[in-house]
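One structure below.
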Amino acid sequence: MSRESTAQHRYHILRYVVFVAAIAIIGRLFYVQLIDDSYKARAASNIMRSYVEYPMRGEVLDRNGEYIVKSRSCYDVMMVYKDLPKEGFDTARLLTLLDITPEKFDKHLRTARRSPRASILVAGYLSQDNKLSLDEMNIPGITTRYRTAREYPRKVGGNLLGYVSEVNGEQVEKLSNYVAGEYIGSNGLESAYEDELRGEKGVKYYTIDAHRAIIGPYNEGKDDVQPERGLQLVSTIDVRLQEFAEELMEGKIGSIVAIEPSTGEILIMVSSPSYNPDLLVGRQRGNNYMELFHDQRNPQFNRSVKAKYPPGSTFKLVQGLIAMQEGVLTPNMRYSCHRGYKYGGRTMGCHDHASPLDLREAVAQSCNAYFCQVFKDMITNPKYGSVKEGVRVWNEYVYSFGFGRKLGTDLYGEGAGNVPTPEDYDKKYNGRWNYGSVLSCSIGQGEMGCTPLQMANLAAIIANRGYYYTPHLVKSIEGRDSIDARFYERHYTMVDSIHYVPIVDGMWRGVNVSGTSRTAYLEGWDVCGKTGTAENSGPDHSTFLSFAPKDNPQIAISVYVEHGGFGSAIAVPIASLIEEMYLTDTIQRPHLIERVKNAKPNYRIYDERQRKYDAKRNKK
């Protein structure tokens, strides 16, 4: 090949390479400018900043339309280290405005320095006035983030309502809709209805100058996305009644739960001791939380749905119902009681009362011997073949009343309680046991454990003569036609409605004629009730189940006071006062209020526990 032809060949190759390169460059420019938004976004990022706009959290009303949870406007102060002015700024004025110490601010600076492009929370709960003052300073890298803080107008229902707190690392990993620094409902209704209450986040874009200071809205705000506020909830709670009930439980440990039997709506839910939910809002939240945490009476433990208490004599009602359904008991059957029930050389004691008694009187007088005999007749029925199988059948009945399992309420953390199984007794007694080994269950003792919610639900079941609706705390949700369908479903026990009649009559007699519940008498309202005295390692617990009126009942209630003594001592007057307030909208027995307030249960066990705990902490 000649030199001339070689040169021409190279020329053509070069022209081809240049042409291909030109096409590639043009294509790339076309892609970048018209198709790929990343460069556009990078360019925009040099003149624009985006900030998340947090919505107003949904509010909560009581059943009568009174606010029990509201939201107020406040601001978080955020810092991006790389955007801070290199020449510095008025740190002293900033610290005064934010009400934080130089040491704390230096700590935030060190954190921000490690992630210079990240937005770091510097201070929370900034007021509107201080926010405006901060805006006037116009410090690049220092911005505010709008959000809301909760407030509780009636200062009640801490465990019931829950609180709002910053998401932790584990929650950020699990929940795609949350990032560090955001807030989420914790415990109570705030947690159970987080999806409804939180709302939808928005975003606002701002134009920034060469010093990264905000000039104004980007693109006249046309690209902004407005936040959507959370939904409003109407709860089932009667806040006035809740407030009264918490007042009655002041200084006492235990729980009160009241339910509207015809709907399953929870009227009050008191866990005592409780706390003012406002304590867990604001800059002192951390200190207040730790103070509650160290309290050995556990004010943050919702006893209403988590505690596992022996039901005591209130459980005799269930024993009578099961025995009638199984055909080993009729209402007119009479059993004698000579201050207790004797078995295997032992005696289950009982108080003085007339003898023999039929079922109605046995309920009214709360006779231990009667229900020991009934329980024995039930589990030793020859048709079962063994006591073990008798207990298994008994188990099935008890489960149908909602014991030994979660009821499925709309509060997280609900406990199941405990109903002993034949396998439990096999393990405990190495397979060698008889009716005497389990006889304590006849009066709600031994291995039996129930939540106060389950016991209130039992009152609702008897009030309804055999069925219940799943107890729940929300009555309606803004923008929705109904609440969860499961709250409208009737749940029937395994006992026919006809068998509830003598039980209801006995409960009525115990209040209105003679028996252990006479203090619960309320003129004109046909109150029905059953006392309970639950044995434990310390002084007895005081319990009471009640509903009113007898026909078409409006309220069913359970009261449980730890170490309160006889059921009639504290639990009965508390329940009666709450029923009076709810049914009549007034209190005509102020002496009963004084009796309750002056009752001082012995909490030596808790006091000793606190003393040891504090001593251990002080050593560290």
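Counting with the working numbering, you get residues 61 to 680 for the letters of the sequence shown.
Cβ atoms here follow ideal geometry from the backbone N, Cα and C, with glycine treated the same way.
Please report the residue range of the alpha helix (DSSP H) in which residue i lies.
i      : result
Met393 : No alpha helix (DSSP H) holds Met393; DSSP gives it neither H nor E.
Glu483 : Pro482 to Tyr489
Phe165 : Pro162 to Arg174
Met438 : Asn428 to Ile439
Tyr346 : Residue identity check: residue 346 is Gly in the sequence provided, not Tyr. First-last of the alpha helix (DSSP H) with Gly346: Arg345 to His354.
Glu449 : Val447 to Ser460
Thr151 : Thr151 to Leu158
Ser364 : Arg363 to Lys366
Glu254 : Glu254 to Leu257
For residue i, does the count of other Cβ atoms within 10 angstroms reach 16, so buried, or fall short, so exposed?
i      : result
Thr603 : buried
Tyr99  : In this prediction, Tyr99 scores a pLDDT of 46, lower than 50, which makes its location untrustworthy; the coordinate-derived value is nonetheless stated afterwards. Exposed, by the Cβ-count rule.
Glu483 : exposed
Met515 : buried
Arg102 : Reliability fails at Arg102, whose pLDDT of 46 lies under 50, so the model's placement of it is uncertain and no value is given.
Asn678 : exposed
Tyr489 : exposed
Ile83  : exposed
Lys366 : buried
Ile647 : exposed
Leu121 : buried
Pro153 : Pro is not the amino acid found at residue 153; the sequence shown has Arg there. Under this definition Arg153 is an exposed residue.
Tyr485 : buried
Ser225 : buried
Tyr369 : buried
Asn279 : exposed
Gly276 : exposed
Gln286 : exposed
Lys376 : buried
Asp255 : exposed
Quick test of your reading: residue i and residue j, contact by CB under 8 Å. State the CB separation rounded to the nearest angstrom.
i      : j      : result
Ala429 : Ser574 : With 8 Å as the limit, Ala429 and Ser574 do not qualify as a contact, their Cβ atoms being about 18 Å apart.
Ser502 : Cys432 : 5 Å
Ala318 : Ile617 : 4 Å
Arg763 : Thr208 : Outside the displayed range of the chain (61 to 680) lies residue 763, so it cannot be described from this structure.
Lys215 : Asn347 : Wrong, their Cβ atoms sit about 18 Å apart, outside the cutoff.
Arg452 : Thr296 : So it is not a contact: roughly 36 Å between Cβ atoms.
Put residue i into one of helix, strand or coil per three-state DSSP.
i      : result
Ala675 : helix
Leu389 : coil
Cys410 : coil
Gly509 : strand
Ile503 : helix
Val120 : strand
Ser246 : strand
Ala516 : helix
Glu474 : coil
Tyr666 : helix
Glu421 : helix
Ile318 : It is worth fixing the name first, because residue 318 is Ala in this sequence and not Ile. Of the three classes helix, strand and coil, the one that applies to Ala318 here is strand, per DSSP.
Tyr683 : Outside the displayed span of the chain (61 to 680) sits residue 683, for which this structure offers no information.
Can you tell me where the beta strand (DSSP E) with residue i in it begins and where it stops?
i      : result
Asp338 : Per DSSP, Asp338 belongs to no beta strand (DSSP E) and is neither H nor E.
Tyr401 : Gly400 to Tyr403
Asp136 : Tyr127 to Val140
Met329 : Glu325 to Ser332
Arg109 : Met108 to Glu113
Ser536 : Val534 to Ile537
Leu417 : Leu417 -> no beta strand (DSSP E), and no H or E assigned at all.
Ser179 : Ser179 to Leu186
Tyr529 : Tyr527 to Tyr529
Is residue i near the ligand ATP, going by C-beta to nearest heavy atom under 7 Å?
i      : result
Asp611 : With respect to the ligand ATP, the structure shown offers nothing to examine, as it has no ligands at all.
Whole beta strand (DSSP E) elements within the region 261-316, 3-residue minimum: 262-268, 274-277 and 293-295
Could you tell me which uninterrupted alpha helix (DSSP H) segments, each at least 4 residues in length, are contained entirely in the region 582-661, listed from first to last along the chain? 631-644 and 650-658
Just list the alpha helix (DSSP H) runs in the region 542-583, keeping only unbroken ones of 4 residues or longer that don't cross its boundaries, in chain order. 560-572
Counting only runs that start and end within the region 193-234, where is the beta strand (DSSP E) found for 3 or more residues in a row? 202-211 and 223-226
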